[in-house]
Structure formats: C-alpha cells, structure tokens
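Those sequence lines, one after another, are chains C and R. With numbering that gives the first Met the number 0 applied, the first sequence covers 0 to 517. With numbering that gives the first Met the number 0 applied, the second sequence covers 0 to 517. Cβ atoms here follow ideal geometry from the backbone N, Cα and C, with glycine treated the same way. Predicted model, so just to flag it, every value in this text is computed and none were measured.
2 protein chains.
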Amino acid sequence: MEQVKLYDTTLRDGMQGEGMSLSASEKARVVLALDALGVQMIEAGFPSSNPKEVELFAQLAELELKQATICAFGMTRRRGTAAEDDPALLTLVDSFTPAVTLVGKTWNLHLEKVTKVSREENLAMIADSVAFCRAREKRVVYDAEHFFDGYRDDPGYALACLSAAIDAGAENVSLCDTNGSSLPDQIAAATADVRAKLGGRVEIGIHVHDDAGCGVANSLAAVAEGARLVQGTVNGYGERCGNANLTSILPALQLKMGFEVISEEQLATLTETVHFVDELCNVTPNPDAPYVGRNAFAHKGGMHVAGIEADARTFEHIDPALVGNRRNILPSELSGKATIRSQAEQAGIEIDDDAAARAVEKLKAREHDGYHYEAAPASFELLLRHEAGLYRPLFKLESYRVVTERRAGGEVETEATIKVEVDGERYLRVAEGNGPVNALDRALRGAIVDRYPHLADIELTNYKVRILDQDHGTGAVTRVLLDSADESGREWGTIGVSENIIEASWQALVDSLEYAFQ
Amino acid sequence: MEQVKLYDTTLRDGMQGEGMSLSASEKARVVLALDALGVQMIEAGFPSSNPKEVELFAQLAELELKQATICAFGMTRRRGTAAEDDPALLTLVDSFTPAVTLVGKTWNLHLEKVTKVSREENLAMIADSVAFCRAREKRVVYDAEHFFDGYRDDPGYALACLSAAIDAGAENVSLCDTNGSSLPDQIAAATADVRAKLGGRVEIGIHVHDDAGCGVANSLAAVAEGARLVQGTVNGYGERCGNANLTSILPALQLKMGFEVISEEQLATLTETVHFVDELCNVTPNPDAPYVGRNAFAHKGGMHVAGIEADARTFEHIDPALVGNRRNILPSELSGKATIRSQAEQAGIEIDDDAAARAVEKLKAREHDGYHYEAAPASFELLLRHEAGLYRPLFKLESYRVVTERRAGGEVETEATIKVEVDGERYLRVAEGNGPVNALDRALRGAIVDRYPHLADIELTNYKVRILDQDHGTGAVTRVLLDSADESGREWGTIGVSENIIEASWQALVDSLEYAFQ
C-alpha cells in the first residue's frame with residue numbers, strides 16, 4: 000500500500016478560528032495526542048520572542064514523541080534583506096525543530112497589490128529562504144500560498160515559484176488553496192500538471208480551506224493526482240469556514256481509497272482523540288460530524304434497525320468501530336438496559352436487572368434535565384452505584400453559603416461557609432477562595448479532611464460552564480463540567496446541572512470528591 | 000447558460016436530523032421562502048392520513064407559489080399488491096401535488112437482507128408504481144435508493160432498475176448515495192455511465208448524504224457528468240451527518256461552474272433565507288458555514304485587511320454581497336493600527352493615529368491577560384471608545400455583594416446588593432436571582448433603571464465560561480462571554496476576565512449594558 004502523510008496545522012492555522020485559544024501546555028497536550036494518533040508532521044507556529052511562544056517551544060523541545068516531526072512555521076525573507084540577516088528566519092533556524100515550513104507568494108495579484116514585490120524578487124526570496132534553512136540543516140516544506148488562484152491566472156509563474164523552492168532544496172512543496180476558492184476538478188487538474196512537470200523531483204503536499212464546502216474532497220482530489228502529504232486541522236478548525244478537516248480526510252484515505260496512513264489501532268482511537276482536542280479547545284463536538292459525531296452512525300425507525308441486524312452494510316458505510324465510534328440506535332429504550340449493564344460491568348459494579356431498569360429511567364430523566372453523562376463518566380458511575388445500592392456518601396450537607404463582595408476600594412473577596420455532618424458529628428467551616436467554587440471547595444475539604452485525609456491529594460484541574468437553552472419559554476439551566484485528578488495520575492470528570500451556577504458547581508464538586516472515595 | 004434545478008427535501012429528509020421538527024404552518028413558511036429563493040422542486044413528505052400531514056397538505060394546496068413545484072413522496076408498491084390497490088400509492092396520487100417522487104430499491108443486498116423481494120419482482124414494483132402515477136397524470140421523479148452501492152456491486156442490475164422507471168414514464172431518475180458511502184470519483188464515474196447509457200431518455204438527478212464529508216463535492220461531481228437536478232436540504236440538515244447542503248451547492252453551481260440556477264437577485268437573498276429557515280427550526284446558524292456563515296468572510300491581521308482594501312480578490316473567493324453576506328473585520332492581537340482604524344470606522348467611531356496606537360497596545364495587554372475580543376466585539380468597541388475619548392460610563396460602582404445560600408431544607412437562594420452612583424447621586428439596591436449573575440443583573444438594573452429606562456429592553460441571551468491556563472501551581476483565570484439582545488433584534492457580545500467568576504461576569508455584564516447606551 001502506498002503511503003500518504005498527515006500534516007496537522009491545528010496549532011497554527013486552527014488557532015485562527017473564531018474563539019480558539021490554547022495555552023502553551025494545552026498545545027503540548029494536543030501534540031502528544033496527535034503523535035499518539037500517528038500524525039506524521041505537526042506544525043507548532045512561529046517561534047517568536049513573545050513569552051507565550053517561547054514557553055511553547057521550550058515545552059515542545061522536551062516532549063518525547065513516538066514518531067511525529069514538529070515543524071516551525073515562518074515566511075520567506077523580507078524584500079531587500081539577505082536571508083541570513085532576516086530576524087524571523089534567524090529565529091526559525093535557531094528553533095529546536097528538525098523541520099521548517101516556509102510560506103511564500105505564488106500569485107501575481109498578491110505581488111502587485113499586497114507585497115509590492117517584483118516577480119523576480121519573489122523567486123529570489125523563495126530560493127534564498129529555502130537555501131538558508133537547508134544550509135542550517137533544516138528539512139523544508141514550502142507552502143505555495145494562493146497556488147491555485149495563481150495557477151489559474153498564470154500557470155507558468157506559479158510553477159516557477161515551486162521550482163525555485165525545489166531547486167533550493169525543499170523536500171515538499173504544498174499547494175495551497177488559501178482563499179478556499181477551488182472546486183475538486185480545478186484542484187485535480189492543477190495537481191496533475193504539477194506532478195507531470197515537477198513530481199519526479201519533490202513530494203507534493205496539499206493545503207486547502209473549506210470556503211466552498213469542498214475541503215475534504217479537494218484534499219482527496221489532490222491525493223488522487225499524486226499529492227502525498229495532506230495538511231489540515233483536527234475537526235476542520237480554522238478561520239472563516241475552517242481548514243481541510245483531517246478528521247474526515249484520514250478515514251477516507253485509509254478506508255475508502257486504500258492508502259496507508261496510520262495503523263488500524265491508531266485509527267480506532269480517532270473519535271476519542273478528536274473529542275479530547277475539542278474538549279481542550281472548549282468546542283462542543285459536532286454531533287453530525289462524519290465518522291466521529293455521535294449521530295454519524297445513528298439509526299431510527301424499525302426498518303433501519305432490522306436491516307442493521309441482518310447486515311450492517313445495509314445502512315452503514317463503514318464499521319463505526321474502525322474509527323472508534325459506535326452505533327447509536329434511537330430511541331434508546333430497547334438498548335438501554337443492556338448498555339447500562341455492560342457499562343456497570345466495565346466499572347466493576349454488580350447491578351441486577353431491576354437496578355439497571357431504574358438506572359435507565361433515571362438516566363433518561365436526568366438527560367432530559369440537561370445532564371450529559373458522556374462528558375462526565377464519574378458522575379454516571381455514581382448514578383449506577385446509587386441504583387445498585389453501592390453508593391457511600393462522604394457526608395451529609397446541612398447548608399452552605401457563598402459570599403462574593405467587591406469592596407468600595409475595588410478588591411474582590413469571596414468566602415464560603417459550610418455545615419456538614421459525618422457519622423452524626425456536625426462540622427462547620429468557613430474558607431476564602433479566589434472565586435466561589437474555590438471557596439466552597441476549600442470550606443468543604445476543611446470541614447471533612449480529618450475524616451478523609453486523601454482529600455488533600457485531589458486537585459480540580461478544569462472547570463467549564465455552558466448555559467443550556469431549553470425550549471423558548473422555559474428557564475435556561477447551567478451545566479458545569481469539572482475535571483479532577485489525584486496524585487496517582489488518575490483523572491475523572493463530573494457534572495452538575497441547576498438553574499444556579501453555584502449549585503451546579505457544588506453538585507459537580509461533591510461528585511468529584513465522592514467518586515474518589517468509592 | 001445551461002440550467003440546473005434544485006430539489007429541496009428539507010421538509011422530509013431534513014426533518015430526520017436530530018431535534019428537528021416543524022409544525023404544518025412552519026413548513027408552509029419554509030415552502031414560501033424556498034419558492035421566493037427560486038428553488039424549482041420542493042418535497043413536502045408523504046401525504047399520510049395523520050392529522051399533521053393532512054393539515055400540511057391542506058395548507059400547501061392553498062399556497063400561491065411563484066414557480067416551485069411541490070412533490071409528494073412515497074415508496075414503490077408493496078410486494079404482491081397491485082399498484083392500484085396499494086393504499087399508500089392511492090394516497091399519493093390523490094394528493095394535490097402535480098409531481099410525485101417514488102423511492103425504490105436498487106441494491107441486491109437490500110433485496111436480500113431487508114425487503115426479501117426477488118430481483119424481478121423489484122423491477123415490476125418500480126415499473127408498476129411509476130406507470131400508475133403517470134396514468135393518474137402525475138409527473139414522476141424516481142429516487143433510486145442506494146444506487147451507488149448497488150452500482151458498485153452489480154452495475155447491470157442498478158441500471159435495469161433505472162430503465163424500469165424510465166420505461167414506465169419517469170421524467171427524472173435521481174441517483175441516491177443513501178448511506179453516504181461514496182467519494183466524488185465514484186459518483187462521477189457512475190453518473191457518467193448512466194448518462195452514456197440512459198441519458199438520452201431521461202433527466203438525471205443526484206441525491207447524496209454527507210457521511211464522508213463530501214456531500215457538496217459529490218453533488219457537483221454528478222452535475223459535471225450530466226446530472227441536472229440536485230437534491231439536498233437547507234444548511235445540510237438531515238439524519239446522521241446530514242444531506243447534501245444546498246446552501247453550499249447553489250453558489251458553486253452558479254458562481255463557480257457557470258450554470259443558471261436562480262436569478263442574481265434571488266441569490267443575493269441566500270444568507271437571509273437560510274438563516275430564516277434556521278430560525279424556524281430553532282437551529283443556531285453555523286458561524287463557519289461556507290458562503291452564508293458570519294465568519295465566511297471574516298478577516299483578521301493587518302496584511303489581510305490591507306490586501307482587501309487594495310483588491311478584495313486577494314483574500315475573498317467571491318464577493319460576499321452576491322450571496323447576501325458581508326465582510327467582517329475582526330480585532331485580534333495580530334492586528335495593527337490599520338485594522339483598528341477600519342474597525343473603528345465600521346463602528347462609526349472617529350479615532351486618530353495616537354488613539355489607534357494606544358488601542359493596539361491595550362488590546363495586546365488585554366489579550367495577554369486572557370481577553371479574547373474576537374468573540375466579544377461590543378467590549379472591543381467600548382475599548383476603542385475609551386481610547387478615542389468617546390466612552391460614557393453609565394454609573395460609578397461603589398461596591399457589590401452576592402450571596403448564594405443553600406438552606407438546611409435544600410432550597411438554594413441568591414441575592415445581590417449593589418451600591419452605585421449616577422451623576423453624584425447614590426443608589427442602593429438588593430435583588431434576588433436564580434443565580435449570582437442574574438441577581439447582580441437585576442440589582443444593577445433596579446438601581447439605575449429610572450435613569451435608563453431602555454435597560455428594560457435588554458436581554459441576556461447566552462453565557463459561557465471557561466478557565467484559562469489551568470497549569471498546576473499558577474493562578475487560573477476565568478473568562479466569561481456574554482451575549483445580549485434588545486427588542487430591535489440587535490445582538491452583541493461582551494467579555495470579562497478575572498480570577499473570580501463573579502467579577503468576570505460583572506465586567507461582561509457592565510460592558511453589555513454600557514454598550515447598549517453608547
């Protein structure tokens with residue numbers, strides 16, 4: 000089988016999407032996840048001197064990756080400056096990454112209207128920049144910006160730009176549909192021409208955007224004509240309509256076109272991996288996403304279900320397990336009990352038929368209220384324990400009170416008071432915090448830590464809030480998701496839902512601490 | 000110019016999407032909107048005897064449409080029943096619609112595993128059903144279900160199914176990729192074969208689903224090979240990953256492939272029309288949607304903005320006005336003075352060079368602290384007003400206090416106290432709320448509403464929270480995004496950042512109210 004490589008630009012182009020931002024350590028976690036998935040090249044951005052980028056590159060340099068190559072990204076040299084005097088290029092070649100991706104112009108219109116550089120100078124900028132990076136022993140990917148627009152206006156010059164990069168030592172030239180203007184037939188024809196004229200001397204890459212809703216198909220069209228490196232982002236994040244969606248491209252390449260991209264085992268982690276990245280980016284996973292969405296293999300109606308039972312191929316284009324997703328039969332009443340029992344089994348909880356039936360009912364009622372246990376498996380396990388008669392409360396709450404005050408001087412202070420009972424004994428505690436949840440957490444732990452010393456080892460690692468807009472007319476509810484971890488590295492997620500954000504946070508907090516002691 | 004027709008199945012296939020439902024009169028409004036847009040054929044569903052469908056077809060029969068043809072949808076006759084004795088076919092031909100769409104099997108696998116009908120009987124079912132509808136003077140579209148799967152398994156039989164429909168008088172055979180399994184090259188090859196063998200005798204249609212993320216490209220590939228009727232749904236609604244998205248297909252056909260579909264004036268209403276349908280379906284418009292999303296023509300960064308100003312083609316694949324959308328310049332930390340000034344201009348704020356420079360600095364500092372103005376343009380505008388000397392505070396805050404209490408009986412209560420000053424006069428107010436932000440909002444409005452009666456018209460419509468930089472050991476900050484709207488339908492977004500969620504919410508709230516009064 001022939002190989003196609005994936006080149007992920009989630010950390011650079013993906014971050015151009017509306018509302019996207021990740022801290023340096025979150026970006027490092029994305030890199031580890033993509034490496035585990037098998038992505039071959041990961042673009043980290045420009046290693047500038049701003050503190051956030053310095054921290055990112057310092058963290059990335061320390062990562063132990065299985066196979067991925069990290070690329071630093073930058074532009075060709077400035078007009079009228081020698082490559083070795085260009086501060087940005089110097090920063091690039093000084094970074095730890097073995098590979099560098101250089102982007103440069105290909106389209107006359109941009110030379111005339113934007114950069115005001117002559118056609119000859121632009122070719123020299125490309126050649127000098129690539130050669131400089133090669134001389135400093137970097138592998139070089141050349142991103143030919145606006146390639147397809149340029150090719151339609153003046154194919155000779157667009158190809159000359161690629162040749163300049165190839166002659167200077169680029170190992171890959173990636174054809175960019177920067178404005179997302181192209182349709183698959185245009186991508187195919189231009190890629191075929193590049194392959195015919197230059198394909199023997201260089202690997203061809205493809206980098207497209209989804210402005211025409213054809214990002215996936217455009218990438219596949221280029222591969223069909225010889226591209227062997229596909230650039231894109233997890234879940235298609237990116238500015239405007241997004242970049243090419245690697246999450247959809249990967250299964251098509253491997254399962255439908257017969258290319259070798261990553262291992263079968265890695266492909267089976269796709270759904271989990273991309274949902275993890277969504278979670279880090281605080282993006283709600285698209286329920287209708289191809290391959291990985293929770294509706295991607297949803298079936299309703301008797302005929303579908305009967306067909307699926309006779310032969311899954313009747314109504315499913317691939318086996319969902321191949322991409323780590325699962326079939327979703329709607330409505331859930333029939334499959335409910337069986338699912339509950341198998342989930343209980345996985346968690347080591349013995350649950351009989353009646354308890355499983357009660358759990359199904361409770362689950363339905365809770366999901367109707369806005370709970371979403373997929374994102375909070377620890378809370379779901381507590382629900383199962385409840386119904387199985389195995390739940391052990393840590394304490395009995397009498398009351399709490401949280402006060403946040405902004406004083407006349409401008410300082411903001413928060414304190415929480417709590418009254419709880421453990422084994423018939425009453426505990427009162429007050430604590431300050433940098434916010435209401437932090438203050439509640441401290442007060443609760445302060446109250447019961449003597450009875451449960453292991454509480455000191457539990458850390459709240461993430462906290463997310465969404466307002467769920469129920470139907471028009473009914474009150475909105477607040478959903479809180481809380482992630483926790485302990486010293487052993489175990490991590491778990493809990494949920495709370497209430498009209499009141501403090502009460503929703505309290506529920507998630509109590510679940511978090513109780514889960515640790517079950 | 001050659002014509003391609005649109006066939007909309009939003010009211011049938013679109014309603015299979017998760018959470019979709021429309022009343023009869025809402026469906027009638029969708030039909031009117033699609034007719035005004037210029038859609039040629041509109042599928043209304045099966046005119047069954049249930050009261051909702053009866054009402055729908057009664058309403059549709061009364062509509063005065065400009066040009067659209069309404070189609071009733073049903074299946075081929077049952078096995079072993081004569082067409083004229085089949086109750087469903089009788090209902091179909093009795094409906095008022097001039098056209099009928101019949102769906103039937105094409106794939107051996109389904110005949111064997113699902114319907115258990117012989118190959119010959121299936122051909123007879125197709126022929127009899129089409130002929131019966133033709134005898135009752137209906138125009139007939141034949142939907143060849145699972146055509147592409149069937150064609151890959153047994154092209155001869157798949158074509159025989161089409162021939163049966165054509166021989167019996169179908170005016171169109173629509174090739175369906177029912178499971179969404181196909182990629183564009185497969186669609187193109189099969190469509191080309193159908194055209195070569197049967198194209199002289201019938202119009203070819205295409206009906207695909209988006210399971211491989213190629214629904215748009217698959218539809219266009221079929222058109223390139225001769226299909227002249229494209230089936231799909233508004234915004235790609237539909238079960239699993241959705242149907243082919245007519246909202247993306249239409250501009251590609253007309254603006255990129257040179258077909259005549261609807262008039263230029265109609266195309267310029269596309270954005271408005273599809274957002275109206277979103278609104279009826281209670282679906283949040285996808286901000287990243289090709290052509291019609293609010294981000295589809297969004298630009299950030301100084302070079303983009305300068306390029307756009309020199310020549311819009313540099314960074315825009317089409318003129319957004321052609322589809323009724325508009326350009327959207329975003330603030331960001333990459334922005335320079337030029338962006339700031341053009342942003343200010345859009346907002347009607349006069350800002351000089353020094354003020355623009357200060358705004359750039361403040362923007363950078365704020366973004367470093369965790370502010371993210373892309374998602375909060377109203378807060379950004381307030382920042383610009385500050386620097387331009389145009390900011391007018393609503394009030395001066397002295398202090399606030401918010402108390403959330405869970406009583407011994409289990410009830411949760413929240414109250415907020417606020418002390419503010421307007422024009423030297425001091426106002427104190429206390430209010431309850433269903434959560435701390437709601438209580439603060441009520442207390443603040445209560446305190447100053449006499450001075451600003453328009454406050455009563457402002458509604459908080461959405462609230463999102465995320466924790467930034469939860470690196471171990473360092474202080475995490477909370478970022479709150481708040482959306483607001485007033486009675487005129489104007490919407491705006493604001494932001495607050497603080498260690499304390501209450502304080503962050505307060506900032507976003509104050510920005511929201513102040514923005515309304517600038």
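Curious, which full-length alpha helix (DSSP H) runs of at least 4 residues does the segment 197 to 242 of chain R contain?
214 to 223
In chain order, each beta strand (DSSP E) run of at least 3 residues that lies wholly inside the segment 109 to 157 of chain C
138 to 143
Give the residues of chain R in contact with Asp184 of chain C, contact being defined as C-beta atoms less than 7 angstroms apart.
Ala223
Starting from Ile500 of chain R, trace the beta strand (DSSP E) in both directions and tell me its first and last residue.
Segment 500 to 516 is the alpha helix (DSSP H) holding Ile500 of chain R; no beta strand (DSSP E) there.
Around the C-beta of Gln117 of chain R, are 16 or more other C-beta atoms found within 10 angstroms, so that it is buried, or is it exposed?
It is worth fixing the name first, because residue 117 of chain R is Ser in this sequence and not Gln. Exposed: under 16 other Cβ atoms inside 10 Å.
What ranges does the beta strand (DSSP E) occupy inside the segment 327 to 397 of chain C, keeping only unbroken runs of at least 3 residues that lie completely in it?
327 to 329
Check for me: the beta strand (DSSP E) holding Leu454 of chain C runs from which residue to which?
Careful: Leu454 of chain C lies outside any beta strand (DSSP E) and carries neither H nor E.
What residues in the segment 237 to 249 of chain C have a beta carbon less than 7 angstroms from any beta carbon of chain R?
Glu238, Arg239, Cys240, Gly241, Asn244, Ser247
So if DSSP puts Ile41 of chain R in a beta bridge, which residue, or which two residues, is it bridged to?
Ile41 of chain R pairs with R:Asp7, R:Ile69.
Does Phe314 of chain C have its Cβ less than 8 angstroms from a Cβ in chain R?
yes
For Glu424 of chain R, report the span of its beta strand (DSSP E) as first-last.
424 to 432
Between Ser128 of chain C and chain R, is any beta-carbon pair separated by less than 8 angstroms?
Chain R contact via Cβ: absent.
Where the beta strand (DSSP E) through Arg441 of chain R begins and ends:
It is not in any beta strand (DSSP E) - Arg441 of chain R instead sits in the alpha helix (DSSP H) that spans 435 to 447.
Name, in chain order, the residues that DSSP records as bridge partners for Asn281 of chain C.
Paired residue(s): none; Asn281 of chain C is not in a bridge.
Residues of the segment 201 to 214 of chain C with Cβ closer than 7 angstroms to any Cβ of chain R, in chain order:
Asp209, Asp210, Ala211, Gly212, Cys213
If you reduce the DSSP assignment to three classes, tell me which class Thr96 of chain R lands in.
DSSP places Thr96 of chain R outside both helix and strand once states are collapsed to three, so it counts as coil.
Do Asn327 of chain R and Thr413 of chain C come within 8 angstroms of each other at the CB atom, strictly closer than that value?
no
Would DSSP call Gly472 of chain R helix, strand or coil?
Because Gly472 of chain R carries a pLDDT of 33, less than 50, the predicted location of this residue cannot be relied on, and the following value inherits that uncertainty. Coil, per DSSP.
With 16 as the cutoff for other CB atoms within 10 Å, does Arg450 of chain R come out buried or exposed?
exposed
So Thr375 of chain C and Leu480 of chain C are supposed to be a Cβ contact under 8 angstroms. How far apart are they, rounded?
Per the sequence shown, the amino acid found at residue 375 of chain C is Ala instead of Thr. Contact flag correct, Cβ pair sits at about 6 angstroms.
By DSSP, does Lys463 of chain R sit in helix, in strand, or in coil?
strand
Between C:Val172, C:Leu182, C:Val229, C:Glu386, which lies nearest to Lys4 of chain C when the distance is taken from Cα to Cα?
C:Val229
Start-to-end residues for the alpha helix (DSSP H) that takes in Ser47 of chain R
Careful: Ser47 of chain R lies outside any alpha helix (DSSP H) and carries neither H nor E.
Proximal residues, the segment 350 to 370 of chain C versus chain R, C-beta separation under 7 angstroms:
none
Assuming Lys418 of chain R is part of the beta strand (DSSP E), what are its boundary residues?
411 to 421
Hey, is the segment 181 to 190 of chain C in contact with the segment 135 to 151 of chain C, meaning 3+ C-beta pairs nearer than 8 angstroms?
yes
Tell me, please, which residues DSSP counts as bridged to Cys175 of chain C.
C:His206
How would you list, in chain order, the residues of chain R whose beta-carbon sits under 9 angstroms from the beta-carbon of Lys584 of chain C?
With chain C running from 0 to 517 in the structure shown, residue 584 of chain C is simply not present.
Return the Cβ separation of Phe258 of chain C and Leu252 of chain C in integer angstroms, given the expectation that the two are a contact with Cβ distance under 8 angstroms.
5 angstroms
Give me the chain R residues within the contact set of Ile466 of chain C, using Cβ-Cβ distance strictly less than 8 angstroms, ordered along the chain.
Asn461, Tyr462, Lys463
So for Asp310 of chain R, helix, strand or coil by DSSP?
coil
Whose C-alpha, out of R:Asp142, R:Ser504, R:His298, is nearest the C-alpha of Arg478 of chain R?
Among R:Asp142, R:Ser504, R:His298, the Cα nearest to that of Arg478 of chain R is on R:Ser504.
Using the beta-carbon of each residue, which ones in chain R are nearer than 7 angstroms to Asp93 of chain C?
Listed by position along chain R, the residues whose Cβ is nearer than 7 angstroms to that of Asp93 of chain C form an empty set, because the closest Cβ is around 22 angstroms away.
Cβ closer than 9 angstroms: which chain R residues qualify as neighbours of Pro435 of chain C?
Chain R residues near Pro435 of chain C: Val401, Thr403, Pro435, Asn499, Ile500, Ile501.
Can you tell me whether DSSP reads Val29 of chain C as helix, strand or coil?
helix
Do you know whose CA, among R:Gly408, R:Glu410, R:Val429, lies nearest Lys418 of chain R's CA?
R:Val429
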